[in-house]
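Contents: one structure, followed by commentary.
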Amino acid sequence: MAREYETVIGLEVHVELATKTKIFCGCSTEFGGEPNTHTCPVCTGMPGSLPVLNKQVVEYAMAVGLAANCQIHQKCKFDRKNYFYPDNPQNYQISQLYLPICHDGWVEIETEDGKKKVGIHEIHMEEDAGKLIHDDWEDCSLVDYNRSGVPLIEIVSEPDMRSAQEVIAYLDKLRTIIQYLGASDCKLQEGSMRADVNLSVREKGSDTFGTRTEMKNLNSFKAIARAIEGERERQIDLLEDGQAVVQETRRWDDNKECSYPMRSKEDAQDYRYFPDPDLVPVIISDEWIADIKSRQPELRTEKLERYKKEFDIPQYDAEILTSSKKLADIFEASAAICQKPKKVSNWLMGEALRLLKEHNQEPEDLNFSPENLAKLIQLADEGTINNKVAKEVFEKIYSENIDPKQYVEEHGLKSVSDEGALRSVIEEIVAANPQSVEDYKGGKKKAIGFLVGQTMKAMKGKADPGAVNKILQEVLEK
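The number in the numbering used here is simply the position in the sequence shown, starting from 1, with 794 added.
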């Protein structure tokens, strides 16, 4: 009988924090500067330079820990993790091994079998390394230290996940929590959220762990799901052939859809950790924790429940709107201005999501103002513009954040509901299309659709469809 296997997965998630400056110096953390322009003696590891801890990093780490039901180590400290690599200027990384800031937490995810808690072993603060750029033309590697010293938190889960679906649900939950807190934008494509996957397989029913591998270079949810499936199959094939799985770090190649070994997996002793002599312990008072708790915003779970009660919108709409903090913010602000939550929801769920998909963008990329969406809804509701024009104007709001009132005025897009003007155009169209009139009178009621279309064309799409239908019927019944 074929053996059945279970996958055991734990994640190490690195999140770049949204501070303006680096963790131990005043250099900018802005993404995309010219190479080596956001640097100073501290973040390039110059001898004699001393680190000074950024308070905002500690506050963001605490906020994430509290939202993830963690305990806070009220006396935590930094350690040096020693390794030699060209992108690591000091030849050590300042991190936390012995007393990380947060420990023993959990988040709840939705799975096919219902709700499940995924344990969080710890969250620690650390600095990022620089970045190597490989120049194939010159056959050399160049190093950019702009990212060196950018503040990170590393969220280490327990090995509680059993499938790619659970991993994606966990990452999605973490990303939503962190974005709601404003602690990071969590853009995987820019590297501000990165996940390393620790994976092993074991026979179903066994309670001992198999040998795990760690996979790096995963920068999208799809790549993570593919890497998990690929590594699971690779390990099962090895075991079925009677071979051993080697504990190692592997790099996932998403183009080839396979992984290859980078190095054997290090243990903590290989890094020769010791307390950083240049940084004093961080003492976190009860008052400081209480202050962070009092500043925690409403998170997605509470927002979801409130939306259903307060705005009377369907569960599905509420889930989509709260899945992104940016979308939720636009929804709430627009609804507060125009007092029409269902209509705001319809525009965001319909046109905004359609355009995001078309432009291959995330909700975080939306940059139009809630005021302009509310004004558009008002114009459409008053009948100042018809639905077709409203959609065209929304595309302009989406791309250029234009003022819809001004735009409609300047481009002469107001609906023509002047009955006299409409009637004379309709009478001309009826006279020019005797066959359609005959069809309509012969019982083919659909023929009116053609005449409505011709009228809208003649009016350049600016007629009120309701008024057109009404007048057409009156003219045809004569």
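The beta-carbon is built from N, C-alpha and C at its ideal position, and this holds for glycine as well. Source: prediction; values computed, not measured.
Q.
With three or more beta-carbon pairs closer than 8 Å as the criterion, would you say the region 894 to 903 touches the region 845 to 864?
A. yes
Q.
Need the endpoints of the alpha helix (DSSP H) that Glu1023 sits in, please.
A. Here the alpha helix (DSSP H) through Glu1023 covers 1015 to 1034.
**Q.** Coil, strand or helix - Asn1263 by DSSP
**A.** helix
Q. Looking at C-alpha atoms only, which residue of Leu1216, Lys1264, Glu800, Pro841 is the closest neighbour of Gly999?
A. Glu800
Q.
Looking at the strands, I want to know which residues DSSP matches up with His928.
A. Ser935
Q: Determine the direct distance from the alpha carbon of Arg874 to that of Ile803, and round the result to whole angstroms.
A: When rounded, the separation of the alpha-carbon atoms in Ile803 and Arg874 is 27 Å.
Q. Gln850: which of His808, Asn876, Met919 sits nearest, CA to CA?
A. Met919
**Q.** Segment limits, alpha helix (DSSP H) that includes Tyr1192
**A.** Membership of Tyr1192 in the alpha helix (DSSP H) is indicated by the continuous run 1181 to 1194.
Q | Tyr1067 versus Leu891 - alpha carbon distance | A | C-alpha separation (whole angstroms): 8 Å.
Q: Could you please give the first and the last residue of the uninterrupted alpha helix (DSSP H) stretch that includes Gln850?
A: 849 to 861
Q.
According to DSSP, simplified to helix, strand and coil, what is Ala1277?
A. An answer regarding residue 1277 cannot be provided, because it is not within the stretch 795 to 1272 covered by the chain.
(Q) Give me, in chain order, the residues of the same chain whose beta-carbon lies closer than 8 Å to that of Ala862; leave out the 5 immediate sequence neighbours on both sides. (A) Cys896, Gly899, Trp900, Val901, Ile914, Ile917, Ile949, Leu968, Ile971
Q | Ala1127, DSSP secondary structure in three states | A | Of the three classes helix, strand and coil, the one that applies to Ala1127 here is helix, per DSSP.
Q: Answer with buried or exposed for Val1262, where buried requires no fewer than 16 other C-beta atoms within 10 angstroms of its C-beta.
A: buried
Q) If you draw a straight line from the C-alpha of Gly1024 to the C-alpha of Ile1018, how long is it? A) Cα-Cα distance, rounded: 10 Å.
Q) Does the Cβ-Cβ distance between Ile1171 and Val1224 come in under 8 Å? A) no
Q. Per DSSP, Lys1044 forms a beta bridge with which residues?
A. According to the sequence shown, residue 1044 is Arg rather than Lys. DSSP, once it has assigned bridges, lists Met1009, Pro1055 as partnering Arg1044.
Q.
Within 10 Å of its beta-carbon, does Val944 have 16 or more other beta-carbons around it, so buried, or fewer, so exposed?
A. A residue is called buried when at least 16 other Cβ atoms come within 10 angstroms of its Cβ; Val944 meets this threshold and is buried.
Q: Using the Cα positions of Tyr879 and Met840, report the straight-line distance between them to the nearest angstrom.
A: 16 Å
Q.
With DSSP as the reference, identify every bridge partner of Pro945, one or two as the case may be.
A. Glu921
Q. Just to confirm, are Tyr1065 and Tyr877 a CB contact at a threshold of 8 Å?
A. yes
**Q.** Helix, strand or coil at Glu1221 [DSSP, three-state]
**A.** In the structure shown, Glu1221 sits in a helix (DSSP, three-state: H, G or I).
(Q) Excluding the 5 residues flanking Lys1097 on each side, which residues of the same chain have their C-beta closer than 7 Å to its C-beta? (A) Thr1116, Ala1122
Q: Could you tell me which uninterrupted beta strand (DSSP E) segments, each at least 3 residues in length, are contained entirely in the region 797 to 827, listed from first to last along the chain?
A: 799 to 810
Q. Rounded C-beta distance between Ala1168 and Ser1118? I'm assuming under 8 Å.
A. In fact, because the Cβ distance is near 19 Å, the residues do not count as touching under 8 Å.
Q) Assuming Glu921 and Phe825 make a contact with CB atoms under 8 Å, what is their CB distance in whole Å? A) With a contact defined as Cβ atoms closer than 8 Å, Glu921 and Phe825 miss out at about 16 Å.
Q: Could you tell me the boundaries of the alpha helix (DSSP H) in which Met1250 lies?
A: 1241 to 1252
Q | Status (buried if at least 16 other CB within 10 Å, exposed otherwise) for Phe1125 | A | buried
Q: Report back the beta-carbon spacing between Ile1179 and Ser1209 to the nearest angstrom; my notes put them in contact at under 8 Å.
A: 6 Å
**Q.** Under 8 Å between C-beta atoms of Arg1044 and Asn1013
**A.** no
(Q) Measuring only the C-alpha atoms, how far is Val1039 from Arg1026? (A) 11 Å
Q. In chain order, what residues of the same chain have a beta carbon less than 7 Å from the beta carbon of Thr823, not counting five sequence neighbours either side?
A. Thr813, Lys814, Thr815, Lys816, Val944
Q. Going by beta carbon distance, what residues of the same chain come within less than 6 Å of Pro829, once the five residues before and after it are set aside?
A. Asp938
Q: Could you tell me if the beta carbon of Asn1161 falls within a distance shorter than 7 Å of some heavy atom in the ligand NAP?
A: The model on display carries no ligand, and the ligand NAP is accordingly not part of it.
Q: Go through its chain and collect everything with a Cβ distance to Thr838's Cβ below 6 Å, but skip five positions before and after it.
A: Pro883, Tyr939
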